[in-house]
Amino acid sequence: MKRTSNILIVAALAGGALLSACNKGAHNRKPGKVYVPDMYESRAYEFYNPRLASMKPVEGTVKRGSMLPYHLKAEDTAQANLTKNPLVLDEAGIKEGKRLFDIYCGVCHGQKLDGNGPLYKGGEGPYPAAPPSFLAGKLMGYTEGRIFHVITYGYNVMGSYASQLDMEQRWKVVAYIKSMQGGGTPAPAAPADSAAARPAAATVVAAK
Ligand code: HEC
């Protein structure tokens, strides 16, 4: 008899412990003990401490894979005229240039590059200044470097597009414009093994 009651007491205690454990369940907000507390509550971190966060890269460093910075100032137009597109762009690059042009330039300069985009619409649009055509007049004589320069710094009423287009994108837009100025046929794509084509191009330059 004594033995049975002992067993009953033990069973009751165990059951109680089990029940109370279940009761705590998911809603218990005071678990009493915290496992690895420093993982629940991180150590104090001082935001905006220049030594820990928002650090600028060391001056003069260039992010891996990105282009060298463009050092010309807005007034350095003579040098800008001589700047060459550092990218060798294939057809896909020119196509991307068209996509970007249609988004960022076409609204004013027209997707046909004729200076008559929907914002200007022959003078009826909301934009008051007439954007020049790329297919006639002085812009036909603009070098790729000069067009890049205008996108970078803007020109008179036209604002800079340097914050919308990174350098690579600007050069793609320039290459697209230049390909259209050549009669609408995209510039010949860079062959996969461009070794074959490069010496020929060099000869052309030398012959000039
Ligand atoms: C909001 C309208 C607008 C947008 C968008 C715009 N332009 Fe212009 N752009 C103008 C106007 C207006 C002028 C003429 C400014 C002047 O002659 O005073 C101009 C002039 C130019 C010139 C000639 C500058 C010179 O030296 O005479 C170039 C090149 C040019 N834009 C390229 C671009 C390219 C490339 C883009 C796209 C990245 C672009 N523009 C986007 C309105 C715009």
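The sequence shown begins at 229 in the working numbering and counts up by one.
Note that CB positions come from ideal geometry on N, CA and C, so glycine has one too.
Every value quoted in this text rests on a predicted model; they were computed, and no experiment measured them.
- In this structure, the C-beta of Tyr332 approaches the ligand HEC to less than 7 angstroms from one of its heavy atoms.
- Between the ligand HEC and Ala357, a heavy atom-to-CB distance of less than 7 angstroms is present.
- In summary, Pro346 is exposed, with fewer than 16 beta-carbon neighbours lying within 10 Å of its beta-carbon over all protein chains present.
- When beta bridges are read from the DSSP output, Tyr370 appears opposite no residue.
- In the three-state scheme derived from DSSP, where H, G and I count as helix and E and B as strand, Met267 is classed as helix.
- Distance between Gly325 and Ile375, taken at the CA atoms: about 13 angstroms.
- Per DSSP, the unbroken alpha helix (DSSP H) holding Ala320 starts and ends at 319–332.
- The residue from Asp266, Tyr332, Ala306, Leu236 with its alpha-carbon nearest to that of Gly387 is Tyr332.
- By the 16-neighbour rule on beta-carbons within 10 angstroms, Lys400 is buried.
- Inclusion of His337 and Pro356 in the CB contact set at 8 angstroms is not warranted, their separation being larger than that value.
- When distances are taken from the beta-carbon of Leu363 to the heavy atoms of the ligand HEC, even the shortest one reaches 7 angstroms or more.
- When only Cα atoms are considered, Tyr383 and Leu341 end up about 17 angstroms apart.
- For Thr305, the uninterrupted alpha helix (DSSP H) run begins and ends at 305–310, by DSSP.
- Membership of Met408 in the alpha helix (DSSP H) is indicated by the continuous run 395–409.
- Gly373 places its beta carbon 8 angstroms or farther from that of Lys301.
- Between Ala403 and Gly321, the C-beta gap is smaller than 8 angstroms, which places the two residues in contact.
- Counting only residues of its own chain and dropping the five nearest sequence neighbours on each side, Asn309 has a CB closer than 7 angstroms to the CB of Thr371, Gly373, Arg374.
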